[in-house]
Amino acid sequence: MGVSKGSYLWRGLSSGLIFATIHSSAWATSIINGIDFNGVSDPPEIKIDADSALDAETQKGSSNQEFFIVIKGSRFSGGASSPVDTSSFGTVVKSIRPVVAGQDSEVARILVETSESVTPELIPSGNSLLVKVKKDEPNLGKADSSDLPSLAAVSTQKQGGAPKPDRLDELLTSRETKKFKGKPVTLKLRDTNLSDVFKLIGDASGFNVILGKEVSGKITLSLEEVPWDQALDIVLRMAGLGAERSENILRIMSLKSLTDEKQQELAASRAITAITPKITRSFPINYANLNELSASLQKFTSTSNGSSSSLGQDDPVVIQPDSRTNSIIIHDIPKSIEQLRKLIEVLDAPTPQIMIEAKVVEVTESFGKTLSGSLGVGGASGTAFASFAGANPIDALVGSPGVFSGGSAISQVSGAARAANGTFGFSPSITFLNSTLRLNAILGIGESESQVKVMSAPKTVVLNRQKASILSSTPMLTPALISTQMGPQASLQVSQANLSLVVTPTVTNDASVLMDLNVSKDLPYPVTSGNLSGNAVAQRNLQTQVLVDSGTTLVIGGIYSLSSQHDATGFPVLRNIPVIGGLFGSEATSETRSELLIFVTPRILNSKEIISGGSS
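Here it is as structure tokens:
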């Protein structure tokens, strides 16, 4: 939010990660860089900045309290696609929401929601567009359209001018919500006629009040600095009366009279409906299910409110789906058919299609290090005098059939030293003690490193609120026990390692996608059972419900595991000597790290058609 010359400007810039796609076109496209709102000016203003001149127009929304700013040949930048909440300014503009219709769209739409009916005015200025949002003047008929006078205590003089009808609506609404907004008045009365009390309240508020003939009685009040609409509500409840609005006039009468009047009006309306001639119209249906739509329309016909009577039984209301032409035939009165037509336009909208792409990434890294050796002293007679860590003091290391025969037979070394990648050995004669004695020594040092990365990306397209699944299976042999006449026997059976995606998406009104997800990724894991070896199924599964913006990639799950192992054996004390300690034992260190990440990206494929249909 910035401040400039007393005006508060709110710029809709998104924060966090921005996923951008390079979009090329044969024609120049205007890029909308920012949307500003000036809530201090009268009327409030919306300013749209771009890198070139904008070709814009306004379109009416689904109600009188919203409209679209349609800008042809343009699209939003990443920083201008976020909604702008303007409710804190207290103006007629409630929110400004850019409607993102996909990267291939060449028409940018901005939905402006207002608290009452407005008339927008577009003023182009260079690379900017200024939109003034002006309130519509209320249609008061013959009544005075001036603003309500300031409310004071009852002791003040009567003020002229009739209230605006929206203030009458506020009065009726406040009685339901118990949130009173009228200016405070003071009423201190004793045994005063109700007609005089209502006259005082009418004088203070500026309303035209008409009292029914049954309004009578007296009341005692002592109210100080109470909202006038709350004071009126209290008096009505204490006296058992009701109020009804008629244009800019408030009628006050008993609840029974109001109820009887409404029942008479309802009976008259039903009688008129029953004798009104019916007409027949056919409406082609594009997207909706005929039977489901017919069942919904049946609840809104002229007879759905119980207005059917004997006068209309010879010409009943009919709603008939026709599968051959994919249309609905309606036979009803003209007023009801017009209402049903508007309802069909709303309900017969394209069903969103969503492409769901999941990515399962598993990375495994392992590292191992070994140090082992053997040391022995023996004589030519085949008698061993000493041996450490499995050395054979009888076999000479050099000479045939020694393991270093010819200086190249290192791979013949047995024991732990053979497992190492680097093997060193020597076998000298101990001549200063005895020419028949020989020293055999083997030292092995080795390291191993492994990196494995597995990525799977199941993808599917599904209609809104429908369940979709995709499965890829790999057969493998798994050890198992089977029952035979001779008892359980080890055998191999075929199992399946599955890669699957099960999803049920729901598109929200703000172009986000709510998903029920089940992602599975099975991997073969080597196992051994007796003398049989095969693979078992290692499962990777995630079940969740997430809400993601269309086209946004979200990490919905991850598992990180670390396994570390250190083994050491050998002769006490001597195995701890640096370097040569390996001649008196063995040491092995291993470490394994694995990480599993699951990503999901939903994209609404036909969002442009949905927005166009919803704004017509």
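Going by the working numbering, the residue at position 106 of the sequence shown is 109; the numbering climbs one at a time, nothing skipped.
Backbone N, C-alpha and C fix where the C-beta goes; we use that ideal spot for every residue, glycine too.
Exposure label - residue i; buried when at least 16 CB within 10 Å
{"i": "A29", "result": "Residue placement at A29 is flagged as unreliable, the pLDDT there being 36, under the threshold of 50; the coordinate-derived value follows with that caveat. By the 10 Å Cβ count, A29 comes out exposed."}
{"i": "Q233", "result": "buried"}
{"i": "Q338", "result": "Sequence inspection shows Lys at residue 338; the Gln mentioned does not correspond to that position. Flag for K338 reads exposed."}
{"i": "L305", "result": "The residue you asked about is not Leu; residue 305 is Ser in the sequence shown. Buried: at least 16 other Cβ atoms inside 10 Å."}
{"i": "V200", "result": "buried"}
{"i": "G93", "result": "exposed"}
{"i": "V321", "result": "exposed"}
{"i": "G15", "result": "Note that G15 has pLDDT 34, beneath the 50 cutoff, so the model's placement of it is unreliable and the number below is only indicative. Per the 10 Å Cβ criterion, buried."}
{"i": "N41", "result": "buried"}
{"i": "S498", "result": "buried"}
{"i": "L253", "result": "buried"}
{"i": "S589", "result": "buried"}
{"i": "T209", "result": "A quick correction: the sequence has Gly, not Thr, at residue 209. Counting Cβ neighbours within 10 Å, G209 comes out buried, since at least 16 surround it."}
{"i": "P287", "result": "exposed"}
{"i": "S272", "result": "exposed"}
{"i": "S377", "result": "buried"}
Reference residue i; option with closest CA among the options
{"i": "V364", "options": "I445, T32, V457", "result": "V457"}
{"i": "G129", "options": "D54, V200, S567, S330", "result": "D54"}
{"i": "G64", "options": "T117, I601, N609, S77", "result": "T117"}
{"i": "G76", "options": "V95, A111, I99, I359", "result": "A111"}
{"i": "P353", "options": "L599, N579, Q488, Y290", "result": "Y290"}
{"i": "S131", "options": "N512, I34, R254", "result": "I34"}
{"i": "R344", "options": "I237, S285, F370, I485", "result": "S285"}
{"i": "L599", "options": "M256, S257, K524, E590", "result": "K524"}
{"i": "P478", "options": "V464, L466, V465, A500", "result": "A500"}
{"i": "G371", "options": "A274, Q454, N544, L226", "result": "Q454"}
{"i": "N512", "options": "S225, V103, Q62", "result": "V103"}
{"i": "Q356", "options": "G584, A514, S249", "result": "A514"}
{"i": "E69", "options": "E348, V95, S208, I562", "result": "V95"}
{"i": "V366", "options": "P46, S90, D52, S564", "result": "S564"}
{"i": "L133", "options": "T61, K259, I562", "result": "T61"}
{"i": "N211", "options": "W231, S249, E228, P230", "result": "S249"}
{"i": "S375", "options": "T89, T592, S90", "result": "T592"}
Residue j beta carbon less than 7 angstroms from that of residue i
{"i": "A83", "j": "I38", "result": "yes"}
{"i": "I607", "j": "S553", "result": "yes"}
{"i": "I213", "j": "L197", "result": "no"}
{"i": "E48", "j": "K135", "result": "yes"}
{"i": "G449", "j": "T373", "result": "yes"}
{"i": "A59", "j": "I74", "result": "yes"}
{"i": "V505", "j": "S476", "result": "no"}
{"i": "R578", "j": "F587", "result": "yes"}
{"i": "L293", "j": "P324", "result": "yes"}
{"i": "E360", "j": "T604", "result": "yes"}
{"i": "S459", "j": "L495", "result": "no"}
{"i": "P101", "j": "F71", "result": "no"}
{"i": "L203", "j": "L224", "result": "no"}
{"i": "A541", "j": "L526", "result": "yes"}
{"i": "V121", "j": "K138", "result": "yes"}
Residue i versus residue j: straight-line alpha-carbon distance, rounded
{"i": "E247", "j": "Q266", "result": "15 angstroms"}
{"i": "F574", "j": "P581", "result": "14 angstroms"}
{"i": "L480", "j": "I445", "result": "41 angstroms"}
{"i": "S85", "j": "Q546", "result": "30 angstroms"}
{"i": "N67", "j": "P280", "result": "31 angstroms"}
{"i": "P319", "j": "I332", "result": "13 angstroms"}
{"i": "K462", "j": "S326", "result": "34 angstroms"}
{"i": "V188", "j": "G220", "result": "22 angstroms"}
{"i": "H334", "j": "D206", "result": "51 angstroms"}
{"i": "L261", "j": "A270", "result": "14 angstroms"}
{"i": "F303", "j": "K362", "result": "47 angstroms"}
{"i": "L474", "j": "I601", "result": "16 angstroms"}
{"i": "A156", "j": "L190", "result": "Because the pLDDT at A156 is just 32, under 50, the model does not fix this residue reliably, and the value given afterwards should be weighed accordingly. Between A156 and L190, the C-alpha separation is close to 8 angstroms."}
{"i": "T32", "j": "L125", "result": "20 angstroms"}
{"i": "M241", "j": "P127", "result": "58 angstroms"}
{"i": "L226", "j": "A298", "result": "54 angstroms"}
{"i": "V576", "j": "G585", "result": "12 angstroms"}
{"i": "S257", "j": "L244", "result": "4 angstroms"}
{"i": "I336", "j": "L466", "result": "36 angstroms"}
{"i": "I278", "j": "I340", "result": "16 angstroms"}
{"i": "D351", "j": "G561", "result": "41 angstroms"}
{"i": "I282", "j": "P230", "result": "51 angstroms"}
{"i": "N609", "j": "Q469", "result": "16 angstroms"}
{"i": "I347", "j": "S330", "result": "11 angstroms"}
{"i": "E140", "j": "I99", "result": "22 angstroms"}
Distance cut-off 6 angstroms: residue i Cβ against heavy atoms of the ligand ADP
{"i": "Q342", "result": "By its list of ligands, the structure shown contains no ligand whatsoever, and the ligand ADP lies outside what it can speak to."}
* Asked: Counting Cβ pairs closer than 8 angstroms, one from the stretch 548-563 and one from the stretch 509-526, do we hit at least three?
  -> yes
* Asked: Should the stretch 562-569 be regarded as contacting the stretch 524-532, the criterion being three or more beta carbon pairs within less than 8 angstroms?
  -> no
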